[in-house]
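Visitor: All the letters of the sequence shown, read from the start, carry residue numbers 3 to 232 under our numbering. First the structure, then my questions, so here it is.
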Amino acid sequence: MTCLFLSTKVENSLMPLDEFLSKVPKSPDASVMIHLEFVLSKGIQFEYSVHHPYWPLHGFFLDIQTFIQSSQPRGKHPDLIKRLYAVYNQATDLITSSLISDALFMYMPSQIALAAIQEMASHVSTIAPIISAFITDRFQNETPERVQGLIQLLQAIRVDLCNAKELTVNKATAAVVASKLRLYSNPEFDPTSKLFALRKQEEEQQNEAKRLKKADKARHNRDQLATIVN
Numbered sequence: 003m004t005c006l007f008l009s010t011k012v013e014n015s016l017m018p019l020d021e022f023l024s025k026v027p028k029s030p031d032a033s034v035m036i037h038l039e040f041v042l043s044k045g046i047q048f049e050y051s052v053h054h055p056y057w058p059l060h061g062f063f064l065d066i067q068t069f070i071q072s073s074q075p076r077g078k079h080p081d082l083i084k085r086l087y088a089v090y091n092q093a094t095d096l097i098t099s100s101l102i103s104d105a106l107f108m109y110m111p112s113q114i115a116l117a118a119i120q121e122m123a124s125h126v127s128t129i130a131p132i133i134s135a136f137i138t139d140r141f142q143n144e145t146p147e148r149v150q151g152l153i154q155l156l157q158a159i160r161v162d163l164c165n166a167k168e169l170t171v172n173k174a175t176a177a178v179v180a181s182k183l184r185l186y187s188n189p190e191f192d193p194t195s196k197l198f199a200l201r202k203q204e205e206e207q208q209n210e211a212k213r214l215k216k217a218d219k220a221r222h223n224r225d226q227l228a229t230i231v232n
């Protein structure tokens with residue numbers, strides 16, 4: 003059952019775990035499934051990635067460029083895209099400054115990204131209306147209620163992102179947080195850990211074994227060819 007649930011993620015057909023279990027008679031507890039999912043993932047060497055706002059921000063940046071090219075006069079494209087690029091860089095900085103806040107735990111990465119680019123665009127008179135038009139076009143198939151809800155949510159995120167710029171963390175607090183994070187991090191990805199060194203050594207040994215095997219096979223093929231020729 004865990005294999006089936008994990009496959010829904012791999013095939014981009016994710017179903018919420020509670021909903022998935024509700025369709026299976028006498029299904030196990032959700033906590034059991036979560037535990038087994040990590041065991042299974044480790045067994046098949048499946049690695050998880052952390053989704054952050056930078057990826058969707060870049061996606062919105064590309065989409066808005068396309069929107070500009072399709073909705074604005076051709077002669078304005080170079081200047082608008084240049085200004086959009088500046089807005090994109092400022093939005094990137096805004097997201098970076100929010101990393102020490104709770105924003106990433108409260109909102110989806112795509113919501114943070116859109117709010118960041120909307121906030122920075124609000125200071126550029128030529129880009130702000132384009133972002134508004136882009137959002138309207140992007141969600142034109144949604145109900146007015148959902149669109150209004152999104153606009154209100156983006157406004158709330160913008161406030162949180164701007165407030166995060168004023169946050170500061172002293173070195174003592176940062177050291178405590180870093181020590182806690184170290185306990186929860188995977189030592190396989192820490193270049194300073196012994197496990198990382200061991201994994202690297204094992205990988206080098208495997209690569210060397212593959213190289214020798216390939217060399218032996220090539221030598222064997224040459225010997226066979228020489229026998230046939232002779």
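Each residue gets a CB set at the ideal place from its N, CA and C atoms; glycine is no exception.
For the stretch 67 to 78 and the stretch 46 to 54, state whether three or more C-beta atom pairs, one from each stretch, are separated by less than 8 Å.
Guide: In short, these stretches do not touch, since the Cβ pair count stays below three.
Visitor: Under 8 Å, with one C-beta from each stretch per pair, do the stretch 185 to 201 and the stretch 139 to 147 reach the 3-pair mark?
Guide: Because the criterion of three Cβ pairs below 8 Å is not met, the stretch 185 to 201 and the stretch 139 to 147 do not touch.
Visitor: Taking the Cβ atom as the reference point for each residue, do Pro58 and Ala115 lie within a distance shorter than 8 Å?
Guide: Cβ distance < 8 Å, so Pro58 and Ala115 count as in contact.
Visitor: If Ile133 and Ile119 are in contact, beta carbons under 8 Å, what's the gap, nearest whole angstrom?
Guide: That pair is a contact at about 7 Å.
Visitor: For Pro80, which of helix, strand or coil comes out of DSSP?
Guide: Three-state DSSP puts Pro80 in a helix.
Visitor: Would Pro55 be called buried (16 or more neighbouring beta carbons within 10 Å of its own) or exposed?
Guide: So Pro55 ends up on the buried side.
Visitor: Between Glu210, Ile66, Thr175, His222, which lies nearest to Val89 when the distance is taken from Cα to Cα?
Guide: Comparing Cα-Cα distances from Val89 to each of Glu210, Ile66, Thr175, His222, the minimum goes to Ile66.
Visitor: My assumption, with CB atoms under 8 Å, is that Leu163 sits in contact with Ser100. Please give the rounded CB distance.
Guide: Indeed, because the Cβ distance is near 5 Å, the residues count as touching under 8 Å.
Visitor: If I follow the unbroken alpha helix (DSSP H) through Gln67, where does it start and stop?
Guide: 56 to 73 is the extent of the alpha helix (DSSP H) around Gln67.
Visitor: Spatial neighbours of Ile36 within its chain, please: CB distance less than 8 Å, with the 5 preceding and 5 following residues excluded, ordered by chain position.
Guide: Cβ within range, chain order: Leu19.
Visitor: What's the C-alpha gap between Val26 and Gly61?
Guide: Taking the straight line from one Cα to the other gives about 37 Å.
Visitor: If you follow the alpha helix (DSSP H) that Glu39 is in, where does it begin and where does it stop?
Guide: Unbroken alpha helix (DSSP H) run through Glu39: 32 to 45.
Visitor: Is Gln142 helix, strand or coil when you go by DSSP?
Guide: The answer is coil: DSSP assigns Gln142 none of H, G, I, E or B.
Visitor: Please classify Phe40: is it buried, with 16 or more other beta-carbons within 10 angstroms of its beta-carbon, or exposed?
Guide: Exposed, because fewer than 16 other Cβ atoms sit within 10 Å of the Cβ of Phe40.
Visitor: Am I right that Arg85 and Thr128 are in contact with their C-beta atoms under 8 Å? What's the rounded C-beta distance?
Guide: Yes, they are in contact, since the Cβ atoms of Arg85 and Thr128 sit about 6 Å apart, within 8 Å.
Visitor: Just the Cα atoms here: how many angstroms apart are Leu96 and Val179?
Guide: Roughly 22 Å between the two C-alpha positions.
Visitor: Expressed to the nearest angstrom, what Euclidean distance is found between the alpha-carbon atoms of Ala199 and Leu183?
Guide: So the alpha carbons of these two residues sit roughly 20 Å apart.
Visitor: What residue from Leu64, Ile83, Met3, Gln113 has the CA that sits closest to Gln154's CA?
Guide: Gln154 has its Cα closest to that of Gln113, out of Leu64, Ile83, Met3, Gln113.
Visitor: Helix, strand or coil, according to DSSP, for Leu185 in the structure here?
Guide: Residue state, collapsed to three classes: helix.
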